[in-house]
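K.L.:
Take 45 as the starting number for the sequence shown in our numbering and just add one per residue.
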Amino acid sequence: MAKQYETVIGLEVHVELSTKTKIFCGCSTKFGGRPNTHTCPVCTGMPGALPVLNRKVAEYALKLGIALNCEINQYCRFDRKNYFYPDNPQNYQISQLYLPVCHDGFLEFFVSGEKKRVRIHEMHMEEDAGKLIHDEWEDSSLVDYNRSGVPLLEIVSEPDMRTAEEVIAYLEKLRMICRYLGVSDCRLQEGSMRADVNLSVREAGSKKLGIRTEMKNLNSFKAVTHAIEGERERQIELLNEHREVVQETRRWDDNKEASYGMRSKEDAKDYRYFPDPDLQPVVISDEWLEALRREQPEFQEERKQRFRDTYGLSEYDAGILTQSRHLADLFETVADLSGFPKKTANWLMVEGLRILKEMGMEPEELSFTPEHLAVLIQAVERGEIHHANARLVFEQILEADVEPLGFMEEHGMRIVMDDGALTAAVEEVLKENPKAVEEYRSGKEKVFGFLVGQVMKKMKGKADPGKVNEALKKAEDSLLLIRQR
C-alpha cells in the first residue's frame, strides 16, 4: 500500500507599503519610473549616508499588526542582515530580527465554508532591494535601484496550512485587510505583494516536520498554486525513492511548471545579524497605539452584515461588494444618494465588474463621481432612459465621469415624457398605415409590433416602449382598431 503524505506549508509574505517616500530617505516610491531616477545616496548605499526612519512606515506596521491580532513590541529596533548580491547596494539589508515590531498574531478566513486560523509568528519592517533586469540579447544584467529602500512589511506565518486552497484563501484575506487599511495596494503583478512558500511533506499522522524548501518571490496566485503542487509532488517522489530532500531555496518557473535549486537554505547565523548602529530604537507610546486602534476601519465581515441589515442585500451581493473597501464605499454613497440600494448593487456588480474585467482594471481604480451614477439610476427608475442606453451612459461615467443627464440630452437618449406628443405620433402612424390597421383588425396580431416600431421611429427612439403599447391600445377603441370577432 502506497504511503500517504501530508503537506505542511508556511508563508513569508512581503508587502510593499503605499507610502509616498522610501523607508529611510525622501525618494519617491512611485512604480514604473525611468531606471535609477528615484534614488539618492541613502538608498544606493553611498558611504557616510545616514538613514532616517519614515514614521508612516511604523504607523502602517502597527495598523496591520493590530488587524492581525498581534502582540506589539513597543520597544523595537532595526538590524543589519549581511549578504552580497548585485541589487543590494549596501551589502546588507536593514531589517528586524531580534525585536520585530509585531509578533504572535493570527489570521482567520474561510475555506470551503469552514473557518481556518493561521498563526502569525512575527511581522517586521525592512527595506526592499533593487531590481535586476536581464538582457537576453546582450547576455547581461542591469541594476535598477528605484526599488531599493521601498518600505516592506514581512509577515511570517507558522506552518499551519496544508493545501494550496488554504494558502490562496490566506493570501486573499491578507490582501483584503491591507487594502482596507490602505497600507498597500497589494498588486501582485507589480511586485507589491510577493510570497515565499516554505513547504515540506511528512507521512500522514506523523507529528515530526519534514525537511522544508523555500520557493522565492511568487507574485501571482496561479504561480503559488502551481509551485505548491509541483514541489509537493517532487518531494513525495524523492521520499518514495528513498532519496533525501535537501533544505534549499528554489526558484519556480511558471512557464516550465518546474522548480530549480538556487542555493542551500540559509539560517539567521549565516547573515551575521547585528543591531544597526545608525538607527535609533523605535519607542511606541501607549497613546499612539490606542489612537491607531480607534482608527481601525470596519472590515469586511462587519460591513457585510451591516449591508444586509441596512440595505436588504443578499449574503452573496454583500460579499461581492465588500471584497473591496473602495467598491463598498462607492456602493454605500451611491445607494444613499439614489435611494435605490438594490438597483445600485446590480449596476456595480453586473455592469461595473463586467467593464472592469474587460478593461483589465481592479475596483480600486474606479474614480467616477458617485453622484453621477446616482442620477443615472434615478433616471432609469423614472423611465427617462432605456436600459440599453443607460448601460452606454454608465460606461461613459466609468471611463470619463460624464454628467449623465447632459450626456443623455446631447446624444438624444432621453425618453420624451410628453403624453400629448406620444398621442399625436400614434394618431399619425395609424393614419399613415391603413393597410397595417386593416390587417390587425382582420386578426393579424403580429402587425401590432410593426405599429409600435413605427411610433418609436416617429419619436426618434425617445419614447418608452411600454407607454407606446399603452397609447396604441387606448387608440384601439377610438379608431376602431379592435378586430372583428
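The beta-carbon is built from N, C-alpha and C at its ideal position, and this holds for glycine as well.
Can you give the beta carbon distance from Ala239 to Leu262, rounded, assuming they're within the 8 Å contact cut?
P.N.:
Reading the sequence shown from its first residue, position 195 is the one you call residue 239. Reading the sequence shown from its first residue, position 218 is the one you call residue 262. Going by Cβ atoms, the distance from Ala239 to Leu262 rounds to 5 Å, so yes, they are a contact pair.
K.L.:
Out of Leu97, Lys251 and Glu406, state which residue places its alpha-carbon closest to the alpha-carbon of Cys230.
P.N.:
If you number the sequence shown from 1, residue 230 lands on position 186. Comparing Cα positions, the closest option is Glu406.
K.L.:
Which residues bound the alpha helix (DSSP H) around Val419?
P.N.:
Counting from one through the sequence shown, the residue named residue 419 turns up at place 375. Element bounds for Val419: Pro414 to Glu425.
K.L.:
If we call anything under 8 Å between Cβ atoms a contact, is Gly396 one with Leu436?
P.N.:
Indexing the sequence shown from 1 puts residue 396 at position 352. Indexing the sequence shown from 1 puts residue 436 at position 392. Not in contact: Gly396 and Leu436 (Cβ atoms no closer than 8 Å).
K.L.:
Rounded to the nearest angstrom, how far is the Cβ of Ser201 from that of Arg163, given a contact under 8 Å?
P.N.:
Position 157 of the sequence shown, counted from the first residue, corresponds to residue 201. Position 119 of the sequence shown, counted from the first residue, corresponds to residue 163. Between Arg163 and Ser201 the Cβ distance is about 7 Å, and since that is below 8 Å, they are a contact.
K.L.:
Leaving out the 5 sequence neighbours to the left and right, which residues in its chain are closer than 6 Å to Leu143 when beta-carbon positions are compared?
P.N.:
On the sequence shown, residue 143 is found 99 positions in, with the first residue counted as 1. Closer than 6 Å at Cβ, skipping near neighbours: Asn117, Cys120 and Arg121.
K.L.:
Which value, in whole angstroms, describes the spacing of the CA atoms of Lys64 and Gly363?
P.N.:
Along the sequence shown, one-based indexing puts residue 64 at 20. Along the sequence shown, one-based indexing puts residue 363 at 319. Rounded to the nearest angstrom, the two C-alpha atoms are 31 Å apart.
K.L.:
If you draw a straight line from the C-alpha of Trp391 to the C-alpha of Tyr304, how long is it?
P.N.:
The residue you call residue 391 lines up with position 347 of the sequence shown. The residue you call residue 304 lines up with position 260 of the sequence shown. Cα to Cα, Trp391 sits roughly 47 Å from Tyr304.
K.L.:
Please state whether the Cβ-Cβ distance between Arg99 and Tyr224 is less than 8 Å.
P.N.:
Translated into the one-based positions of the sequence shown, residue 99 becomes position 55. Translated into the one-based positions of the sequence shown, residue 224 becomes position 180. The answer is no: Cβ separation not under 8 Å.
K.L.:
Three-state secondary structure (DSSP) at Lys266?
P.N.:
Counting from one through the sequence shown, the residue named residue 266 turns up at place 222. Here Lys266 sits in helix by DSSP.
K.L.:
Which residue comes first and which comes last in the beta strand (DSSP E) that contains Ala93?
P.N.:
Mapped onto the sequence shown, residue 93 falls at position 49. Here Ala93 belongs to no beta strand (DSSP E), and DSSP marks it neither H nor E.
K.L.:
So the beta strand (DSSP E) Asn242 belongs to, where does it begin and stop?
P.N.:
In the sequence shown, residue 242 corresponds to position 198, counting from 1. That run of the beta strand (DSSP E) goes Met237 to Glu247.
K.L.:
Going by beta-carbon coordinates alone, are Lys348 and Thr366 separated by less than 8 Å?
P.N.:
The sequence position of residue 348 within the sequence shown is 304, counting from 1. The sequence position of residue 366 within the sequence shown is 322, counting from 1. Their beta carbons are under 8 Å apart, which means Lys348 touches Thr366 by this criterion.
K.L.:
Could you tell me whether the Cβ atoms of Met167 and Cys222 are closer together than 8 Å?
P.N.:
Within the sequence shown, numbered from 1, the residue matching residue 167 stands at position 123. Within the sequence shown, numbered from 1, the residue matching residue 222 stands at position 178. Their beta carbons are not under 8 Å apart, which means Met167 does not touch Cys222 by this criterion.
K.L.:
What is the residue span of the alpha helix (DSSP H) that Gly450 lies within?
P.N.:
Taking the sequence shown and counting its residues from 1, one reaches residue 450 at position 406. Start and end: Pro448 to Glu454.
K.L.:
Enumerate, from N- to C-terminal direction, the unbroken beta strand (DSSP E) stretches of 3 or more residues contained entirely within the region 156–197.
P.N.:
158–171, 175–179 and 184–188
K.L.:
Using 8 Å for Cβ pairs, my map puts Ile67 next to Asp320. What's the rounded Cβ distance?
P.N.:
Indexing the sequence shown from 1 puts residue 67 at position 23. Indexing the sequence shown from 1 puts residue 320 at position 276. Not really, about 12 Å apart at Cβ, beyond 8 Å.
K.L.:
Among residues of its own chain, excluding the 5 on either side of Leu410, which ones have a beta-carbon nearer than 8 Å to its beta-carbon?
P.N.:
Position 366 of the sequence shown holds residue 410. Same-chain partners within the cutoff: His370, Leu371, Leu374, Gly396, Leu400 and Leu442.
K.L.:
So, under 8 Å CB-CB, Val59 and Met237 are touching, yes? Tell me the CB distance rounded to an integer number of Å.
P.N.:
The residue labelled residue 59 in the question sits at position 15 within the sequence shown. The residue labelled residue 237 in the question sits at position 193 within the sequence shown. That belief holds up - the Cβ atoms of Val59 and Met237 are roughly 6 Å apart, short of 8 Å.
K.L.:
Tell me which residue opens and which closes the beta strand (DSSP E) that Ala362 is part of.
P.N.:
Position 318 of the sequence shown holds residue 362. Ala362 -> not in any beta strand (DSSP E); alpha helix (DSSP H) instead, spanning Glu359 to Leu365.
K.L.:
Leaving aside the five residues before and after Tyr189 along the sequence, list all residues of the same chain whose C-beta is less than 7 Å from its C-beta, in chain order.
P.N.:
Along the sequence shown, read from residue 1 onward, the residue named residue 189 stands at position 145. Once the five neighbours on either side are set aside, the close Cβ partners of Tyr189 are Asn80, Thr83, Cys87, Thr88, Pro133 and Gly174.
K.L.:
Within this structure, are the beta carbons of Glu334 and Thr293 separated by less than 8 Å?
P.N.:
Residue mapping note: residue 334 aligns to position 290 of the sequence shown, counting from 1. Residue mapping note: residue 293 aligns to position 249 of the sequence shown, counting from 1. Cβ atoms of Glu334 and Thr293: not closer than 8 Å.
K.L.:
Touch check for the region 175–187 and the region 212–220: three-plus C-beta pairs under 8 Å?
P.N.:
Cβ pair count under 8 Å is below three, so no.
K.L.:
Between Leu176 and the ligand GTP, is the CB less than 7 Å from at least one heavy atom?
P.N.:
Ligands are entirely absent from the displayed structure, and the ligand GTP is therefore not among its contents.
K.L.:
Quick one: residues in its chain with C-beta nearer than 7 Å to the C-beta of Leu525, no 5 flanking neighbours on either side, listed in chain order?
P.N.:
Here residue 525 corresponds to residue number 481 of the sequence shown, with the count starting at 1. Per-residue confidence for Leu525 stands at a pLDDT of 46, beneath the threshold of 50, marking its modelled position as unreliable; the derived number appears in the next sentence. Within the same chain, Leu525 has close Cβ partners Val481, Tyr484, Arg485 and Ala519.
K.L.:
Considering only the beta carbon of each residue, do Lys107 and Val227 sit closer than 8 Å?
P.N.:
Stepping through the sequence shown from its first residue, residue 107 is reached at position 63. Stepping through the sequence shown from its first residue, residue 227 is reached at position 183. Contact: yes.
K.L.:
Report the option in Arg124, Glu171, Thr73 and Gly109 whose CA atom is closest to the CA atom of Asp148.
P.N.:
If you number the sequence shown from 1, residue 148 lands on position 104. Checked all of Arg124, Glu171, Thr73 and Gly109; the closest Cα to Asp148 is Gly109.
K.L.:
Which partner residues of Gln137 appear in the DSSP bridge assignment?
P.N.:
Counting from 1 along the sequence shown, the entry for residue 137 is found at position 93. Paired residues: Lys125.
K.L.:
Which complete alpha helix (DSSP H) runs does the region 246–320 hold, if anything under 4 residues is left out?
P.N.:
265–284
K.L.:
Under the three-state reduction of DSSP, which class applies to Gln528: helix, strand or coil?
P.N.:
Within the sequence shown, numbered from 1, the residue matching residue 528 stands at position 484. Residue placement at Gln528 is flagged as unreliable, the pLDDT there being 39, under the threshold of 50; a coordinate-derived value is accordingly withheld.
K.L.:
Please report the distance separating the alpha-carbon of Glu288 from that of Leu282.
P.N.:
Counted from its first residue, the sequence shown places residue 288 at position 244. Counted from its first residue, the sequence shown places residue 282 at position 238. Glu288 and Leu282: Cα-Cα distance of roughly 7 Å.
K.L.:
Taking buried to mean at least 16 other C-beta atoms within 10 Å of its own C-beta, is Glu533 buried or exposed?
P.N.:
Lying outside 45 to 529, the shown extent of the chain, residue 533 is not represented and no answer is given.
K.L.:
Tell me which residue opens and which closes the alpha helix (DSSP H) that Val378 is part of.
P.N.:
Taking the first residue of the sequence shown as position 1, residue 378 is located at position 334. Where Val378 is concerned, the enclosing alpha helix (DSSP H) starts and stops at Arg369 to Ser382.
K.L.:
Buried or exposed: which applies to Leu253, given that a residue is buried once 16 or more other Cβ atoms fall within 10 Å of its Cβ?
P.N.:
Looking up residue 253 in the sequence shown gives position 209. When all chains shown are included, Leu253 counts as exposed.
K.L.:
Report the three-state DSSP secondary structure of Ile116 (helix, strand or coil).
P.N.:
As a first step, residue 116 must be located in the sequence shown, where it is residue number 72. The answer is strand: DSSP assigns Ile116 an E or B state.
K.L.:
Give the range of the alpha helix (DSSP H) segment to which Leu336 is assigned.
P.N.:
Here residue 336 is taken as the residue at index 292 of the sequence shown, counted from 1. Here the alpha helix (DSSP H) through Leu336 covers Asp330 to Arg338.
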